[in-house]
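Presented below is the structure to which this report refers.
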Amino acid sequence: MVVAFQDIKPAAQRHYLVIPVEHIQTVRDLQRRDEDYSLVSHMLSVGEELLQNDAPKCDNKTDGKL
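Here the sequence shown is numbered in the working numbering, starting from 162 and rising by one per residue.
Below, the structure written as structure tokens:
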């Protein structure tokens, strides 16, 4: 499960933070296992969906941060 919200000091017009509910100390704590891969994939999907819903015609690579 993840939580997503807009950054309070955005680096782009559309800048969201997508974080896991379960605390992960650092990215180095992630391992090459199915559950970590699924979590990171889900985080990316949520971010992409937020950008797409926020601005359907925007280019995610230039108009938002992923």
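In this text, a Cβ means the ideal position worked out from N, Cα and C, and glycines have one as well.
Per DSSP, cross-strand counterpart(s) of leucine 178: Phe166
Cβ pair count under 8 Å reaching 3, the segment 204-216 against the segment 173-181: yes
How many angstroms separate the CA atom of proline 171 from the CA atom of aspartate 190? 26 Å
Determine the closest residue to valine 164 out of Arg193, Leu200, Glu196, Asp195, with distance taken between C-alpha atoms. Leu200
Do valine 179 and methionine 204 have their beta-carbon atoms positioned less than 8 Å apart in this structure? yes
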